[in-house]
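Residue numbers are given in the UniProt record's numbering: position 96 of the sequence shown equals residue 96, and the series is strictly consecutive.
Glycine included, C-beta positions come from ideal geometry on N, C-alpha and C.
Predicted model, so just to flag it, every value in this text is computed and none were measured.
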Amino acid sequence: MAKLSKEEVKHVAHLARLAITDEEAEKFADQLGKITVFAEQLNELDTTNVEPTSHVLSIVNVMREDVAVKGLDRDVMMLNVKEQEDGQVKVPPILED
């Protein structure tokens, strides 16, 4: 792939809602061109026997078993509440009409 032009970089920046100067566009065009050349080199690799992965490391989520336990007693909890109504904690409104 050919080097990205300054205009192409400015167009992509505009799409991303980024304001860049002409000097930055020139710099980014050079950097993005180098990245593109490197990415094209990866296409030359033989990946026939390589299994697709989502991550380079085999990461496994370690989760505990979900066990239901008795929660706090509502009456005891309500002793620490400033205001309550019908067994519910009453808080000041955060949205105004």
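About 5 angstroms separates the Cβ atoms of A25 and V9, confirming a contact at the 8 angstroms cut-off. DSSP places V89 within a strand segment (E or B) once states are collapsed to three. Between the beta-carbon of K90 and that of E83 there is about 4 angstroms, and that keeps the pair under the 8 angstroms contact cut.
Non-local C-beta neighbours of V81 in its own chain, meaning closer than 7 angstroms and more than five positions away in sequence, comprise V89, ordered along the chain.
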